[in-house]
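For the record, the sequence lines run as chains A and B. FYI, my numbering numbers position 96 of the first sequence as 96, with every residue one higher than the one before it. FYI, my numbering numbers position 30 of the second sequence as 30, with every residue one higher than the one before it. Just below is one structure, and these are the notes that go with it.
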Amino acid sequence: MSLYQWLLFFHVTGAFFLIGGIVIAGILNLAAIVKNRRPSEVAALYGLIRFAVPLIGAGLGLTLVIGLWLVHNVGYGYGQTWIVTAIVLWVLASALGNVDGKYQRQTGELARRLAAEGDSPSPELWARLRNPRALAISYASGLMAFAVLGIMIWKPGV
Amino acid sequence: MLALVRPDSWNLPLFLHILGATLTFGATATVALLGFAGLRGDPDRALWLRGLTFWIGFGVLVPAFIMMRGAALWIVDKEYPGGHHEPGWVGVGFIVTEPGALLVIVMVILAWLARSPKSRGAVAVPWLASILLVGLAVAWFAMSAKPGS
């Protein structure tokens, strides 16, 4: 196999890790907010989200590093519109994902504390889970990653 | 280097295929995680997690798998009309997804049965999901690296 084939495989692997991780976190997050669940249930779901974090991290690293290498290997220009747009979206998605990750970690900690203190439904936890600003950041981050996937396929401007 | 000279009309099916594949990967991993978590701990909690495993398998994994497979047929039909001169890496996709579809069906049925406290099928669900994950990894290697082409 050529270097191009290996690079493409690792780049696509990065995309699978990144979007797969986002899907895992998104599904578990959605499962936590669709009903007013007990804190122990929210803590259980948020505890499982931690398995998605290394996948997302590895995906972010592989897509960017191998992606830039592919640009060089194939002979595209680093200044081409679709490449610049993809990098900008990648940076924004990472930054928003980082903000969301910190917020969700705090929510998970609150759920664990409330579970240990009687496990009764808490308005504070419910408000955090349904915080519109936090949800907007979370879904914007995920949608940007999907948009990058679209840009990789259509390559606008090429 | 085919991807570099791909006709525009192939983009939508390719996007839907890759989107479906990544959603399938994420949903299968979620089913595996919830399935393993539902095998231990408090029985009420385990039963609740098994219920979630079923709903995610049925509500997310099945549609994602259909999207992946349907879009794959669409793009193969455009790229190799009539099935002529299909390279080996295309065949790998079918070799993985045909038994994979059966695996998904069995997994969802077992997950549905596992909602009952008396069911023993719960043990099999996360392991079947793990096998499907390995199959998906083989397919994405074949689809992206296209060995032999």
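Note that beta-carbon positions come from the ideal geometry of N, C-alpha and C, so glycine has one too. For clarity, every value in this text was computed on a predicted model and none was experimentally measured.
Taking 4 residues as the minimum length, the alpha helix (DSSP H) runs contained wholly in the region 15–97 of chain A are 39–49, 52–74, in order along the chain. Counting only runs of 4+ residues, the alpha helix (DSSP H) found wholly inside the region 11–43 of chain B occupies 11–37, in chain order. By the C-beta density criterion, histidine 11 of chain A is buried, having at least 16 other C-beta atoms within 10 angstroms. The three-state secondary structure of methionine 152 of chain A, taken from DSSP, is helix.
DSSP places serine 9 of chain B outside any alpha helix (DSSP H), giving it a letter other than H or E. For the region 6–17 of chain B, the set of residues with a beta-carbon nearer than 7 Å to any beta-carbon of chain A comprises Asn11, Leu14, Phe15, in chain order. Closer than 8 Å to the CB of threonine 22 of chain B there is at least one CB belonging to chain A. A direct Cα-to-Cα measurement between threonine 107 of chain A and tryptophan 10 of chain B gives close to 43 Å. In this structure, the straight-line span from the alpha carbon of leucine 47 of chain B to that of glutamate 117 of chain A is close to 23 Å. Per DSSP, methionine 68 of chain B is one residue of the alpha helix (DSSP H) stretching across 62–79. The residue among B:Gly38, B:Ala142, B:Pro43 with its C-alpha nearest the C-alpha of valine 96 of chain B is B:Ala142. With the criterion set as a beta carbon lying under 8 Å from some beta carbon of chain B, the region 76–96 of chain A has no members that meet it.
Secondary structure at proline 121 of chain A: coil, using DSSP grouped into helix, strand and coil. Excluding five sequence positions before and after leucine 7 of chain A, the CB atoms of its chain that fall closer than 8 Å to its own CB belong to Ile66, Trp69, Leu70, Asn73, given in chain order.
Judged by DSSP secondary structure, glutamate 98 of chain B falls within the alpha helix (DSSP H) whose first and last residues are 88–113. The beta carbon of methionine 144 of chain A sits no closer than 8 Å to any beta carbon of chain B. Against chain A, a Cβ distance below 7 Å from leucine 52 of chain B picks out Ala31.
With a minimum length of 4 residues, the unbroken runs of alpha helix (DSSP H) contained wholly in the region 118–147 of chain B fall at 124–145. Counting C-beta pairs closer than 8 Å gives fewer than three between the region 36–46 of chain B and the region 11–22 of chain B, which falls short of the contact rule. Distance between phenylalanine 65 of chain B and phenylalanine 15 of chain B, taken at the CA atoms: about 14 Å.
The DSSP-derived three-state label of methionine 1 of chain A is coil. Only exposed fits tyrosine 78 of chain A, as fewer than 16 other CB atoms lie within 10 angstroms of its CB. Not one beta carbon of chain B lies nearer than 8 Å to the beta carbon of isoleucine 137 of chain A.
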